[in-house]
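Enquirer: Could you have a look at this structure, given as structure tokens, before my questions?
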Amino acid sequence: MTTNLPHRTERDEALRERAQRVIPKGMYGHQSVARLPEGYPQFFSHGEGSHVWDVDGNEYIDYMCAYGPIVLGHRHPAVERAAAAQQARGDTFTGPTERIVELAEQLVAITPHADWAWFAKNGTDATTYAVTVARVHTGRRVLMRAAGAYHGASPLWMPGPAGPEDGAYQLSYRYNDLESVRAAAAEANGDLAAIIVSPFRHDAGHVQELPTLEFVHGVRDICDATGAVLILDDVRAGFRLDLGGSWAPFGVKPDLAAYSKAIANGYALAGVTGGAQLHDAAGSVFATGSFWFSGVAMAAATATIATMEETDGIGQMERVGTLLREGLAGQARAHGLRVTQSGPVQMPFLSFDSDDLEARDIPRALRFTSEAVKRGVYFHPTHNWFLSAAHTAEDVERTLVMTDAAFAAVRDTFGADA
């Protein structure tokens, strides 16, 4: 792996110019690099294991994993074999392939709360369907969600000019603050259909916040007391913290859980799992899509989950993530910089204490990540990072060579912290 500066950018720049002519703003959504610092490529060519290459041939140790979908590593052989075998038979038909039954059986078998499974393509599909099922099941309207939490890109979650306002039937609470949950539940006045919650607070641009045991069990108790449905939005964290669901280690079972991202190691798939008490409501909701039943992604998902079980993929991410966290902490201290590392080590985030995350005034983070990416380490300045089971101790060792230089650049530009 080379770490020479500067990176080549000619092909990326040419593609950006072409995209400006035919794509709104040249690119859109979370994969637009318009808000990222200098040095970030917009277009990629290929990936292998824990590394990716942009269209100019620059190589990166990938700590974003496509914003989460790559959990075993790019082009994992077992997943690619399963996908190719199904593709040879065909992908999309007038009805689903048998892969849908196999995958549903697999998810029910590994998930303590699950008696059934449902599939779509995107995380937004999954969270929106889960809310609809909860409303049908309870006959109520109000949805509670944590203030600032992201649960998808649709009018339900991001009301505004693109669609009708749904805010009249939504109430907010503060993550890890049970009193605020109780107050919002009381405000619903008997019309509370569901509380949706992330496994940990992973709002972009904020320090990541792990849940307290009191909060996890308290939210479950409030749902039980009010008859509301507990929805765990496991779209981002699913299959990185626990294969049985991210709150399984707490001994808490949600009524519904939404998945996507890592479920099929990069193939487009989303799912919802639920308990028997919601079976009839789920069956009564009409939700469908022409490509929701395609067999290739489902074959990839069954191989992904089986491989994660067989190889202790979560344990590998924990071990490597711990090495990375310890190494970054030592380097920051050596350079006289105060940083905060938050979130689980499989989904880490580093912020500089002298930056102002809330105000989005983050010059140190921007300089650090820009210097890292130009040296071949792909971090994000405001979004949590992701590890895959393909990351190794050698990757971390190489990463720390580059991050030492990046920390030095921050210190030289802004000075050491007092």
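Be aware that the sequence shown starts at 76, since it is given in the working numbering, and climbs by one per residue.
Just so it is clear, CB atoms sit at the ideal spot from N, CA and C, and this is done for glycine as well.
#1: Would you tell me roughly how many angstroms separate the C-alpha atoms of S229 and M383, rounded to the nearest one?
#2: Could you give the first and the last residue of the continuous beta strand (DSSP E) run that contains E180?
#3: Since A374 and R174 are thought to touch, with beta carbons under 8 Å apart, how far apart are those beta carbons, to the nearest angstrom?
#4: Secondary structure at Y248, three-state DSSP: helix, strand or coil?
#5: In this structure, how does DSSP classify L305 when only helix, strand and coil are distinguished?
#6: Go through its chain and collect everything with a Cβ distance to E92's Cβ below 7 Å, but skip five positions before and after it.
#7: Tell me whether Q421 is buried or exposed, calling it buried when 16 or more other Cβ atoms sit within 10 Å of its Cβ.
#8: Return the first residue and the last residue of the beta strand (DSSP E) that M219 is part of.
#9: Which residue comes first and which comes last in the beta strand (DSSP E) that contains L267?
#10: Mind checking which residues open and close the alpha helix (DSSP H) that includes F119?
#11: Return the residue from the list A333, I437 and R435 that minimises the CA-CA distance to L307.
#12: Which residues mark the beginning and the end of the beta strand (DSSP E) in which I136 is found?
#13: Determine the direct distance from the alpha carbon of R450 to that of A261, and round the result to whole angstroms.
#14: Roughly how many angstroms separate the alpha carbons of A493 and F424, rounded to a whole number?
#15: Does the Cβ of P116 lie closer than 7 Å to at least one heavy atom of the ligand ZN?
#16: For the beta strand (DSSP E) containing A333, name the first residue and the last one.
#17: CB E63 to CB H126, shorter than 8 Å?
#18: Locate the beta strand (DSSP E) running through L425, then write down its first and last residues.
#19: Hey, H188 and G350 are a contact pair by Cβ (cut 8 Å); roughly how many whole angstroms apart?
#20: Among G143, R83 and R110, whose alpha-carbon lies nearest the alpha-carbon of I338?
#21: Give the list of continuous beta strand (DSSP E) stretches no shorter than 3 residues that lie fully inside the region 423–477.
#22: Mapping the DSSP letters down to three states, classify G341 as helix, strand or coil.
#23: By the three-class DSSP mapping on this structure, what secondary structure does D299 have?
#24: Are the CB atoms of G411 and A491 nearer to each other than 8 Å?
#25: Run the CB neighbour count on D317, radius 10 Å, all protein chains shown included, and call it buried at 16 or more, exposed below.
#26: For K196, count the other beta carbons within 10 Å of its own beta carbon; 16 or more makes it buried, fewer makes it exposed. Which is it?
#27: What are the start and end residues of the beta strand (DSSP E) that includes H126?
#28: Between which two residues does the alpha helix (DSSP H) holding V154 run?
#29: Note down the Cα distance separating Y103 from A300, rounded to an integer number of angstroms.
#30: Once DSSP output is grouped into helix, strand and coil, what is the label at S229?
#31: Near R215, what residues of its chain come up, given a Cβ to Cβ distance below 7 Å and the 5 sequence neighbours on each side ignored?
#32: Can E123 and R156 be called in contact, C-beta distance under 8 Å?
#33: Specify the secondary structure class of G370 as computed by DSSP and reduced to three states.
#34: Pick from G364, T444 and V471: whose alpha carbon is nearest that of G458?
#35: Do F368 and R439 come within 8 Å of each other at the CB atom, strictly closer than that value?
#36: Out of D190, D200, S247 and G223, point me to the one whose CA is closest to V217's CA.
Expert: If we stick to the structure as given:
#1: Along the sequence shown, one-based indexing puts residue 229 at 154. Along the sequence shown, one-based indexing puts residue 383 at 308. So the two alpha carbons sit approximately 31 Å from each other.
#2: Here residue 180 is taken as the residue at index 105 of the sequence shown, counted from 1. Note, E180: premise wrong, no beta strand (DSSP E); alpha helix (DSSP H) at R174 to I185.
#3: As a first step, residue 374 must be located in the sequence shown, where it is residue number 299. As a first step, residue 174 must be located in the sequence shown, where it is residue number 99. At roughly 5 Å, the Cβ-Cβ gap stays under 8 Å, so A374 and R174 are in contact.
#4: On the sequence shown, position 173 is the one that residue 248 refers to. Three-state result, Y248: strand.
#5: The residue given as residue 305 occupies position 230 in the sequence shown. It is a strand residue.
#6: As a working note, residue 92 is residue 17 in the sequence shown. Hits under 7 Å: none found.
#7: Mapped onto the sequence shown, residue 421 falls at position 346. The residue is buried, with at least 16 neighbouring Cβ atoms inside 10 Å.
#8: To locate residue 219, count along the sequence shown from 1; it is residue 144. V217 to A221 is the span of the beta strand (DSSP E), which, as asked, contains M219.
#9: Numbered from its first residue, the sequence shown carries residue 267 at position 192. L267 to V272 is the span of the beta strand (DSSP E), which, as asked, contains L267.
#10: Taking the first residue of the sequence shown as 1, we reach residue 119 at position 44. Per DSSP, F119 belongs to no alpha helix (DSSP H); it is in the beta strand (DSSP E), F119 to E123.
#11: Your numbering for residue 307 matches position 232 in the sequence shown. That would be A333, whose Cα lies nearest to the Cα of L307.
#12: Here the question's residue 136 lines up with position 61 in the sequence shown. Run containing I136: E134 to D137, per the beta strand (DSSP E) assignment.
#13: Here residue 261 refers to the residue found at position 186 when the sequence shown is read from its first residue. Here residue 450 refers to the residue found at position 375 when the sequence shown is read from its first residue. A261 and R450: Cα-Cα distance of roughly 52 Å.
#14: Reading the sequence shown from its first residue, position 418 is the one you call residue 493. Reading the sequence shown from its first residue, position 349 is the one you call residue 424. Approximately 23 Å between the Cα atoms of the pair.
#15: Ligands in the displayed structure: none, and consequently the ligand ZN is not present.
#16: Here residue 333 is taken as the residue at index 258 of the sequence shown, counted from 1. Counting along the chain, the beta strand (DSSP E) containing A333 begins and ends at L331 to Y334.
#17: The question about residue 63 has no answer here: the residues shown for the chain are numbered 76 through 493.
#18: For the purposes of this step, residue 425 is taken as the residue at position 350 of the sequence shown. Segment F424 to F427, the beta strand (DSSP E) holding L425.
#19: The count along the sequence shown starts at 1 and reaches residue 188 at position 113. The count along the sequence shown starts at 1 and reaches residue 350 at position 275. That belief holds up - the Cβ atoms of H188 and G350 are roughly 6 Å apart, short of 8 Å.
#20: Counting from one through the sequence shown, the residue named residue 338 turns up at place 263. Cα-wise, what sits closest to I338 is G143.
#21: 424–427
#22: On the sequence shown, position 266 is the one that residue 341 refers to. The answer is coil: DSSP assigns G341 none of H, G, I, E or B.
#23: Taking the sequence shown and counting its residues from 1, one reaches residue 299 at position 224. Helix.
#24: By 1-based counting over the sequence shown, the position of residue 411 is 336. By 1-based counting over the sequence shown, the position of residue 491 is 416. Cβ atoms of G411 and A491: closer than 8 Å.
#25: In the sequence shown, the residue the question calls residue 317 occupies position 242. It is buried - the Cβ of D317 has at least 16 other Cβ atoms within 10 Å.
#26: Translated into positions along the sequence shown, residue 196 becomes position 121. Buried.
#27: What you label residue 126 is simply residue 51 of the sequence shown in a count that begins at 1. Its beta strand (DSSP E) spans residues H126 to D129.
#28: The residue labelled residue 154 in the question sits at position 79 within the sequence shown. Segment P152 to R164, the alpha helix (DSSP H) holding V154.
#29: On the sequence shown, residue 103 is found 28 positions in, with the first residue counted as 1. On the sequence shown, residue 300 is found 225 positions in, with the first residue counted as 1. Near 42 Å, if we compare the C-alpha coordinates of A300 and Y103.
#30: What you label residue 229 is simply residue 154 of the sequence shown in a count that begins at 1. S229 falls in the coil class under three-state DSSP.
#31: Translated into positions along the sequence shown, residue 215 becomes position 140. Hits under 7 Å: D266, L267 and A268.
#32: Within the sequence shown, numbered from 1, the residue matching residue 123 stands at position 48. Within the sequence shown, numbered from 1, the residue matching residue 156 stands at position 81. Cβ atoms of E123 and R156: not closer than 8 Å.
#33: Translated into positions along the sequence shown, residue 370 becomes position 295. G370 falls in the helix class under three-state DSSP.
#34: Your numbering for residue 458 matches position 383 in the sequence shown. This sequence places His at residue 458; Gly is not what is there. Ranking G364, T444 and V471 by Cα distance to H458 puts T444 first.
#35: Start at 1 with the first residue of the sequence shown, and residue 439 comes out as number 364. Start at 1 with the first residue of the sequence shown, and residue 368 comes out as number 293. For R439 and F368, no; Cβs fall outside 8 Å.
#36: Stepping through the sequence shown from its first residue, residue 217 is reached at position 142. Checking every option, the nearest Cα to that of V217 belongs to S247.
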